[in-house]
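S.K.:
Number of protein chains: 2
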Amino acid sequence: MNAPAAAPFTVSQRDVPEVLLSALKARFGNNCSTALVVREQHGRDESAFTTVPPPAAVIFAEKTQDVADAVALAAQHKVPVIPFGVGSSLEGHLLAVQGGISIDVSRMNKIVSINSDDLTVTVQPGVTRKQLNEDIKSTGLFFPIDPGADASIGGMSATRASGTNAVRYGTMRENVLALEVVTASGDIIRTGTRAKKSSAGYDLTRLMVGSEGTLGVITEITLKLYPLPEAVSAAVCSFPSIEAAVRTTIAIIQMGVPIARVELIDNNTVRMVNAYAKLGLAESPMLLMEFHGSPAGVKEQAETVQEIASEFGGQSFEWATTPEERTRLWTARHNAYFAAIQSKPGCRAISTDTCVPISRLADCLLDSVAEADATGLPYFLVGHVGDGNFHFGYLIDPNNPSEFATAEMLNHQLVARALSLGGTCTGEHGIGLHKMGFLLDEAGAGAVNMMRTIKQALDPHNIMNPGKIFSL
Amino acid sequence: MNAPAAAPFTVSQRDVPEVLLSALKARFGNNCSTALVVREQHGRDESAFTTVPPPAAVIFAEKTQDVADAVALAAQHKVPVIPFGVGSSLEGHLLAVQGGISIDVSRMNKIVSINSDDLTVTVQPGVTRKQLNEDIKSTGLFFPIDPGADASIGGMSATRASGTNAVRYGTMRENVLALEVVTASGDIIRTGTRAKKSSAGYDLTRLMVGSEGTLGVITEITLKLYPLPEAVSAAVCSFPSIEAAVRTTIAIIQMGVPIARVELIDNNTVRMVNAYAKLGLAESPMLLMEFHGSPAGVKEQAETVQEIASEFGGQSFEWATTPEERTRLWTARHNAYFAAIQSKPGCRAISTDTCVPISRLADCLLDSVAEADATGLPYFLVGHVGDGNFHFGYLIDPNNPSEFATAEMLNHQLVARALSLGGTCTGEHGIGLHKMGFLLDEAGAGAVNMMRTIKQALDPHNIMNPGKIFSL
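Those protein sequences? They're chains A and B, same order as listed.
Each step along the first sequence adds one to the number in our numbering, with nothing skipped, and position 45 is 45.
Each step along the second sequence adds one to the number in our numbering, with nothing skipped, and position 119 is 1119.
#1: Out of Glu-1174/B, Pro-1017/B and Val-1273/B, which has the shortest C-alpha to C-alpha gap to Ala-1074/B?
#2: DSSP has Trp-1319/B in a bridge; who is on the other side?
#3: Quick one: is Gln-254/A near chain B, going by C-beta distance under 8 Å?
#4: Who pairs with Ser-102/A in a beta bridge, going by DSSP?
#5: Mapping the DSSP letters down to three states, classify Ala-332/A as helix, strand or coil.
#6: For Cys-364/A, return the contacting residues in chain B, with the cut-off set at a CB-CB distance below 9 Å.
#7: If you draw a straight line from the alpha carbon of Tyr-1202/B to that of Trp-1319/B, how long is it in whole angstroms?
#8: Check whether the Cβ atoms of Pro-125/A and Met-108/A lie closer than 8 Å to each other.
#9: Give the single residue among Leu-1204/B, Gly-1213/B and Met-1208/B whose Cα lies nearest to the Cα of Pro-211/A.
#10: Taking only the alpha-carbon atoms, compute the straight-line gap between Asp-1117/B and Ile-1136/B and give it to the nearest angstrom.
#11: Per DSSP, what kind of secondary structure is Ala-372/A in: helix, strand or coil?
#12: Looking at Leu-179/A and Ile-218/A, is the spacing between their C-beta atoms short of 8 Å?
#13: Quick check: Ile-189/A and Ile-1454/B, are their CB atoms within less than 8 Å of each other?
#14: At the level of alpha carbons, what is the spacing between Phe-1392/B and Asn-115/A?
#15: Check the Cβ-Cβ distances between Ile-136/A and every residue of chain B, and say whether any is below 8 Å.
#16: Between the alpha carbons of Lys-25/A and Ala-70/A, how many angstroms are there, rounded?
#17: Just the chain B side, please: which residues come within less than 9 Å of Ala-443/A by C-beta, in chain order?
#18: Which residues, taken in chain order from the region 284–311 of chain A, show a beta carbon closer than 7 Å to some beta carbon of chain B?
#19: Check for me: the beta strand (DSSP E) holding Leu-264/A runs from which residue to which?
#20: Of all the CB atoms in chain B, is at least one closer than 8 Å to the CB of Val-182/A?
#21: For Met-1450/B and Leu-458/A, what's the separation of their Cα atoms in angstroms?
#22: Out of curiosity, what's the CA-to-CA distance linking Phe-404/A and Ala-362/A?
#23: Looking at C-beta atoms only, is the number of pairs between the region 432–452 of chain A and the region 377–397 of chain A that lie closer than 8 Å three or more?
#24: In the DSSP assignment, find the alpha helix (DSSP H) that holds Tyr-1169/B and state where it starts and stops.
#25: What is the DSSP secondary structure of Cys-32/A, counted as helix, strand or coil?
#26: Taking CB distances under 8 Å as the criterion, tell me whether Arg-1173/B reaches chain A.
#27: DSSP beta-bridge partners for Thr-205/A?
#28: Mind reading off the beta-carbon distance from Ala-1234/B to Met-1289/B? Whole number of angstroms is fine, and I expect it under 8 Å.
#29: Would you report the Cα separation of Gly-427/A and Leu-1215/B, rounded to the nearest angstrom?
#30: Assuming Leu-1377/B and Thr-1406/B are in contact, meaning their beta carbons sit under 8 Å apart, how far apart are those beta carbons, in whole angstroms?
#31: Is Gln-312/A helix, strand or coil when you go by DSSP?
#32: If the criterion is Cβ atoms closer than 8 Å, does the pair Phe-380/A and Ala-309/A meet it?
#33: Among all the DSSP beta bridges, which residues are the ones paired with Met-156/A?
#34: Alpha carbon to alpha carbon, how far is Thr-1171/B from Thr-1352/B? Give it in angstroms, no decimals.
#35: Indicate the three-state DSSP secondary structure (helix, strand or coil) for Cys-1347/B in the structure shown.
#36: Which residue comes first and which comes last in the beta strand (DSSP E) that contains Arg-190/A?
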């Protein structure tokens, strides 16, 4: 299942001395593993890159002090440290390209405190988003950020993740209030407070959010929560073309409708989902929408959106107000990836992640659809289109280098187009290994040098997940 | 009008060599001023500190390249550079405590581009918030962030400002999408894009927002805009006690009502405002509220809030739906500062700025009211209470050191209380000179050292507004 490793990064393993491994064994006992199967499991993620040797050891941290001690020991020997949550990152974030040890925080999975009166919760980094919502169910609150995978909150913070609800509730950027972080020297610091806003010095919280483990290990996260909406209504609407669906989305956003979710699924993908889950949806491009609010507010939003959609030829609105009906509809969206993978046995998906200003969405998306169609490579296309963010998943045969090359070419063309339209190469997946070149194109050498300068100052021995975001 | 300078900072003027002044004169001609009156005007802000010598020269920048050249010249001679917008900062941000030159960006006051389809605008840093809203009026959009003063967008970005609308629309943290920045070496970089979200590397935008001129000079800002709400309704409601008003606010927020503004004005302040503007408001604690949305949505919010308020004894709701009525009501809030100053001729106000998690607001505020009352020092009290942020303005006779000391003591007690309740020493004014000690209490030495390390890396000669936020 390995994709040909046209790796746009350098693999240069540093030595992990025996004396460090002994010290880790002594400190962590059975919570330090050097078993190959464990190391291999921690040396990969959901990206196409699988040819990098695994880390030399995996530490299973159970508390912040474990992380601090592991980092301090690694720092003594200038050995890289790679934080690991559940392994669902998409851009090679977890690969030990410079060797080193993996610190697995999945056992740090406790809710530290729920402050329901303040709409905040503090969690350990290994808590997953689904676990969090399960654990706070009785409070009447929820945490809206939902990347595809049941990712860890630590990993979601580290990659500045978002998902289907971001159009209304924002991303991890807007929803992390405070952090506890183990620095490159093994010190423990706190950033931010539980106050909703602050002007107290540099925004270290947001510097850490999205830093992909390169500036420190996140060991505790305070998040905003939201009251479960009084009323929720979901709808699916079919459109005569992708363009019609996208133009409907643009109009919804420009009118300021506080829509909670607006997801595009193209006709290819609807067909795949129908085959996979026998859903019987009309096989044309569709928008899957959700409205949150008071009963009257939801009704009003729905009416406005129906009016806009009908102007663009949207039809056969199917409404779902009970949780069961909603689950059925959202199943289509959630299954898109698996349905696509199953549509071409043995294939692997190369995912794109551009995000553009909403007015440019149609241009960006339609030209890229035409380009992909011209190659004949099958793909699925889904998008958090309310944010201008969408994902192609090019379905390649991993044993066919030319398909891989075609997918990479399409991604390059798409990113170049998105950047020329004022957008970004990554809306929510991060840079990792795969997008380092794109970051340089997007931000320019001056800004990337500023990032590098910050990294070198905070991590002088370059031990925190080195070789990610930019070359160093 | 000078307050006794119990300055909690060091004044240590560096030499500004004649050769630099000559080079600046040669490069900028009449746009470089060394006239004492101009320098003095640029060497102070709205804080109580006025005893610092003014900068050696003032450069009036007209474009980004002017800023870059001025910084590059200053960098050659390791001379401090202090960006200046309209001079409305409150914590001594503009004072030349280590000497140097002021770069006045108020002439960089052009709207660079309005992208109304994307709900974004790009402006030069000298554009003020009122000018911006005037200039975009025809688009049907508005920019909600409104600190008391008609501050510059550059200054608001640099201090991470907010104001009365932040409870619904967020602060500068949430509303700056991208920046152009002149770095300490005089290079010009860009951070962020016009895409609504991104995971592309370190969040340099948010590192710069709130950095108070210590990491670079902001020369261009891309902001989010919002559709003018279809319906706006404002209301004032009187309460039997501050506690009742605060508990009403807490309940509104906890219920998730998307209120646009909820401002507390205490009975003292209502009395002052009545005397100042002859408004005839009931002289009891009041909440001034505003609701934005569809006509039905606004009605629904208003009904919910009225129900909550009546549970806490709120009465005599006065509604305002026309712009003229709303202006009359908001006049009370906007005039609070001037009304208070006039209530004690010759006085000066020492302003506090704590912000706490909403559930702690009553505890924090009421204990601090009791403490202030016990001293007999007059004060005004207003607050963006929906965010847990409020301001005491202690009215001191600047010629009476004991009143100054009392105000400082009250502020210290208030900050200590806010921090113990999980809050911050500054919700929106920034650290500047006045709160450096508080920042250390709040963030801890580890986090402040991380800030200092970043500063030293990005500004190795410590020329960007040195001596602010932390000692260096």
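All C-beta atoms in this analysis are idealised placements derived from N, C-alpha and C, irrespective of residue type, glycine included.
M.R.: The relevant details are as follows:
#1: The shortest C-alpha separation from Ala-1074/B is found at Pro-1017/B.
#2: The partner list for Trp-1319/B (beta bridge, DSSP) reads Ala-1235/B.
#3: At least one CB of chain B lies nearer than 8 Å to the CB of Gln-254/A.
#4: Val-58/A and Ile-82/A
#5: helix
#6: Near Cys-364/A there are no residues of chain B at all, since even the closest Cβ is about 10 Å away, more than 9 Å.
#7: 46 Å
#8: yes
#9: Here the sequence assigns Ser to residue 211/A, which means Pro is not the residue at that position. Nearest C-alpha to Ser-211/A: Leu-1204/B.
#10: Rounded to whole angstroms, Asp-1117/B to Ile-1136/B spans 13 Å at the Cα level.
#11: Here Ala-372/A sits in helix by DSSP.
#12: yes
#13: At the C-beta level, Ile-189/A and Ile-1454/B stay beyond 8 Å of one another.
#14: 27 Å
#15: no
#16: Answer to the nearest angstrom: the Cα atoms are 11 Å apart.
#17: Ile-1189, Arg-1190, Thr-1191, Gly-1192, Thr-1193, Ala-1200, Gly-1201 and Leu-1204
#18: Ser-294, Ala-296, Gly-297 and Glu-300
#19: Segment 261–265, the beta strand (DSSP E) holding Leu-264/A.
#20: no
#21: Approximately 7 Å between the Cα atoms of the pair.
#22: Phe-404/A and Ala-362/A have their C-alpha atoms spaced approximately 26 Å apart.
#23: no
#24: 1166–1169
#25: Cys-32/A falls in the strand class under three-state DSSP.
#26: yes
#27: Thr-205/A pairs with nothing; no bridge assigned.
#28: Contact between Ala-1234/B and Met-1289/B holds, since their C-beta atoms are separated by about 7 Å, short of 8 Å.
#29: 26 Å
#30: 5 Å
#31: Reading off the sequence, residue 312/A comes out as Phe, not Gln. Looking at Phe-312/A - three-state DSSP - the assignment turns out to be coil, as it is neither helix nor strand.
#32: no
#33: In the DSSP output, where bridge partners are listed per residue, Met-156/A has none listed.
#34: 18 Å
#35: coil
#36: 188–191
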